[in-house]
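What follows is a single structure, written as structure tokens, with notes after it.
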Amino acid sequence: MLDKFREAKQLEIESLRKDFAEGRIPAAYQGERPSFVDAIRAKGPGAIIAEFKPASPSKGVLGENLNPLDWAETYAKNGAAAISVLTEHKYFKGTPDFLFMMNGPGVPLLRKDFIFDPLQVAMTASSPASAMLLIARMCDDAAHLRQLIEIARMPGLAPVVEIFDQADLDMAREAGADIIQVNNRDLDTLQVTLDQARKFITQKKEGELWICASGVNERAEVEEMASLGYDAVLIGTSLMRAENPGEKLAELTGAK
Numbered sequence: 001m002l003d004k005f006r007e008a009k010q011l012e013i014e015s016l017r018k019d020f021a022e023g024r025i026p027a028a029y030q031g032e033r034p035s036f037v038d039a040i041r042a043k044g045p046g047a048i049i050a051e052f053k054p055a056s057p058s059k060g061v062l063g064e065n066l067n068p069l070d071w072a073e074t075y076a077k078n079g080a081a082a083i084s085v086l087t088e089h090k091y092f093k094g095t096p097d098f099l100f101m102m103n104g105p106g107v108p109l110l111r112k113d114f115i116f117d118p119l120q121v122a123m124t125a126s127s128p129a130s131a132m133l134l135i136a137r138m139c140d141d142a143a144h145l146r147q148l149i150e151i152a153r154m155p156g157l158a159p160v161v162e163i164f165d166q167a168d169l170d171m172a173r174e175a176g177a178d179i180i181q182v183n184n185r186d187l188d189t190l191q192v193t194l195d196q197a198r199k200f201i202t203q204k205k206e207g208e209l210w211i212c213a214s215g216v217n218e219r220a221e222v223e224e225m226a227s228l229g230y231d232a233v234l235i236g237t238s239l240m241r242a243e244n245p246g247e248k249l250a251e252l253t254g255a256k
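Counting along the sequence shown from 1, when you hit position 26 you're at 26 in full-length UniProt numbering, and nothing is skipped either side.
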């Protein structure tokens, strides 16, 4: 699965390298970049990171002609601590433009994409994103991941490192990650189980921020993850498919 995603990013990376070689280096975003970590801590444990994704490989198209501005306002008004924004085009129908379109309400934005080249980090730094996703196993080794983490931190981006297994967690720790996102999806079968989150949270260390991703759909599950020690829960599909996303988010946060 990740090999497909890596292949899908090659044209983008080649284009970035060409721009860089010709001196077209994107300038770092000069506007306010609200703190992702502070926003999570303020509403955690169990803060909700509400995700905007028009499609997914496992569920197909989740909505047609969606207005990112409306979704950002809905998420902000109904208690999202942060917004996860899919920017990958081929499989998720996203675009980096979403980061600019969803910046208005002032909620920290997490750029979610398949990022494994330093120039992709530089491109993210030129956007209003407050955080970016780095998938541990898309990196060659811990040194590669550490490089991406350190480049992200320079302009104030929070690097969120996603893990699927123990080897991923070990690599994340070796690379200096302090924000760990546990993905509950099996990449081979696409099956999801919260047992993954339940297992890994026992290894959380003081000072780290942990996020549970995939498979949480109800308030009771949010409460369980919070009680186990998760600072935040990332929720996408159930919000995108909800008849009233604002009401569903309010329910997940416990406001309703």
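By construction, the Cβ of each residue, glycine as well, lies at the ideal position given by its N, Cα and C atoms.
- By the C-beta density criterion, residue 115 is buried, having at least 16 other C-beta atoms within 10 angstroms.
- Taking all protein chains in view, the Cβ of residue 138 is crowded by 16 or more other Cβ atoms within 10 Å, so the residue is classified as buried.
- About 4 angstroms separates the Cβ atoms of residue 36 and residue 130, confirming a contact at the 8 angstroms cut-off.
- With a threshold of 16 other beta carbon atoms within 10 Å, residue 153 falls short and is exposed.
- If you look at residue 36, you'll find it in the alpha helix (DSSP H) that goes 36-43.
- By DSSP's assignment, residue 50 forms a beta bridge with 83 and 235.
- Looking only at 249, 183 and 110, the smallest Cα-Cα distance to residue 39 is reached by 110.
- The Cβ atoms of residue 228 and residue 198 sit closer than 9 angstroms to each other.
- For residue 241, the secondary structure class from DSSP, reduced to helix, strand or coil, is coil.
- Only residues of its own chain outside the window of five on either side were considered, and among them 48 and 79 have a CB closer than 6 angstroms to the CB of residue 253, listed in chain order.
- For residue 163, the enclosing beta strand (DSSP E) starts and ends at 158-163.
- Residue 255: not part of any beta strand (DSSP E); DSSP gives it neither H nor E.
- Distance check between residue 55 and each of 73, 69 and 88 places 88 closest, using alpha-carbon atoms only.
- Within 10 angstroms of the beta-carbon of residue 25 lie fewer than 16 other beta-carbons, which makes it exposed.
- The Cβ atoms of residue 187 and residue 216 lie no closer than 9 angstroms to each other.
- The Cβ neighbour count for residue 124, taken over all protein chains shown within 10 Å, is at least 16; the residue is labelled buried.
- Contact check for residue 145 against residue 136 passes: the beta carbons are separated by less than 9 angstroms.
- Distance from the Cα of residue 162 is smallest, within the candidate group 132, 140 and 33, for 132.
- The shortest CA-to-CA distance from residue 69 to any of 107, 17, 167 and 208 is the one to 107.
- Under the DSSP assignment, residue 154 falls outside any beta strand (DSSP E); it carries neither an H nor an E label.
- Rounded to the nearest angstrom, the gap between the Cα atoms of residue 173 and residue 30 is 31 angstroms.
- Shortest Cα-Cα distance from residue 104 to any of 208, 90, 74 and 17 involves 74.
- When DSSP assignments are scanned along the region 1-39, the uninterrupted stretches of alpha helix (DSSP H) that are 4 or more residues long and fall wholly within it turn out to be 2-8 and 10-21.
- With respect to the 9 angstroms criterion, residue 212 and residue 234 are classified as neighbours on the basis of their beta carbons.
- Taking all protein chains shown into account, residue 182 has 16 or more neighbouring C-beta atoms within 10 Å of its C-beta and is therefore buried.
- Contiguous alpha helix (DSSP H) elements confined to the region 67-143 occur at 68-77, 97-101 and 118-125, taking only those with 4 or more residues.
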